[in-house]
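K.L.:
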Amino acid sequence: ISSAFSVLVIGLSVDFGLHLCITYQRRIDEGHPHHEALRSTGEMVGTSLLLCAFTTSIAFLAFQFTEFAAIAELGLICGAGMAVSLVASLSVIPAVLTLWPPLTARRVPGALPEFLESACELPARHRRPIIAFSIALSLGALAVLPKVSFNSNPVEVRDPTTESAELFRELLEEDPEALFSLHFAAPDRATA
-3 ISSAFSVLVI GLSVDFGLHL CITYQRRIDE GHPHHEALRS TGEMVGTSLL
47 LCAFTTSIAF LAFQFTEFAA IAELGLICGA GMAVSLVASL SVIPAVLTLW
97 PPLTARRVPG ALPEFLESAC ELPARHRRPI IAFSIALSLG ALAVLPKVSF
147 NSNPVEVRDP TTESAELFRE LLEEDPEALF SLHFAAPDRA TA
């Protein structure tokens, strides 16, 4: 699970940098000078990156409400990691681009095909239904939230048909306490 969290945090952090660099490169390709390209890049994607980092941090911090301590701590680490990656993206990347700006602009690509141009405009043309759908989906998620539970038993995460899971359940039926306690024989009281 911790590996998946690491991949998520690193992947999302890289996405922040990609958005900045691609927008900056587009501005350079349009002929804007370096400082103007940096400023307009910040204006274009700065707010969206801030919103993405904020909402993703909230998603990771939601793990704080679980009783499983390891997952709760991972949620806290990843939530803070989103803030760190945002600050790094908004400070380190512009500094690197200022120290080593692209030497020349690339050739400006041609216009998109009409169906792709139309697909890009779809969210702007239909924003009210998209917002309404998002609100309805959020309310639906809030309605089922009280029914959500978290099971920290690692055996129940496994395929129940595997031999190890079946054996564990059999042993648990025989003596539930035996699997979660340790018995050790010592030769005398001092050694114990």
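Numbering-wise (the working numbering), the sequence shown opens with residue -3 and increments by one.
Each residue gets a CB set at the ideal place from its N, CA and C atoms; glycine is no exception.
Computed from a predicted model, the values in this text were never measured in an experiment.
How many angstroms separate the CA atom of residue 88 from the CA atom of residue 143?
P.N.:
The alpha-carbon atoms of residue 88 and residue 143 are separated by roughly 43 Å.
K.L.:
Please report the distance separating the alpha-carbon of residue 194 from that of residue 73.
P.N.:
Because residue 194 is not part of the residues shown, which for the chain are -3 to 188, the question remains open.
K.L.:
Please state if the CB of residue 71 and the CB of residue 57 are separated by a distance shorter than 8 Å.
P.N.:
For residue 57 and residue 71, yes; Cβs fall inside 8 Å.
K.L.:
Considering only the beta carbon of each residue, do residue 119 and residue 126 sit closer than 8 Å?
P.N.:
Yes.
K.L.:
Residue 63 by DSSP, collapsed to three states: which one?
P.N.:
Of the three classes helix, strand and coil, the one that applies to residue 63 here is coil, per DSSP.
K.L.:
Indicate the three-state DSSP secondary structure (helix, strand or coil) for residue -3 in the structure shown.
P.N.:
Reduced to three states, the DSSP call for residue -3 is coil.
K.L.:
Spatial neighbours of residue 93 within its chain, please: CB distance less than 8 Å, with the 5 preceding and 5 following residues excluded, ordered by chain position.
P.N.:
So the list reads 17, 20, 30, 34, once near-sequence residues are dropped.
K.L.:
For residue 130, I'd like the list of residues in its chain whose CB is within less than 6 Å of its CB, leaving aside the five on either flank, ordered along the chain.
P.N.:
There are no such residues.
K.L.:
Could you tell me how far apart the beta carbons of residue 8 and residue 81 are, in whole angstroms, since I believe they sit closer than 8 Å?
P.N.:
Residue 8 to residue 81, Cβ: 7 Å. Contact.
K.L.:
Between residue 64 and residue 180, which are expected to be in contact by the criterion C-beta below 8 Å, what is the C-beta distance as a whole number of angstroms?
P.N.:
Not a contact, Cβ separation roughly 27 Å.
K.L.:
Buried or exposed: residue 134, going by 16 or more other Cβ atoms within 10 Å of its Cβ?
P.N.:
Residue 134 is exposed by the Cβ-count criterion.
K.L.:
Buried or exposed for residue 111, please, with buried defined as at least 16 other CB atoms from any protein chain shown within 10 angstroms of its CB.
P.N.:
Classification of residue 111: exposed, given that the 10 Å Cβ count is below 16.
K.L.:
Do residue 23 and residue 43 have their C-beta atoms within less than 8 Å of each other?
P.N.:
It is not a contact, given that the beta carbons lie outside the stated cut-off.
K.L.:
In the DSSP assignment, find the unbroken alpha helix (DSSP H) run with residue 164 in it and report its ends.
P.N.:
159 to 170 is the extent of the alpha helix (DSSP H) around residue 164.
K.L.:
In whole angstroms, what is the alpha-carbon distance linking residue 54 and residue 75?
P.N.:
The alpha-carbon atoms of residue 54 and residue 75 are separated by roughly 7 Å.
K.L.:
As a quick exercise: from 182, -3, 52, pick the residue whose alpha carbon is nearest that of residue 11.
P.N.:
Closest by alpha carbon: 52.
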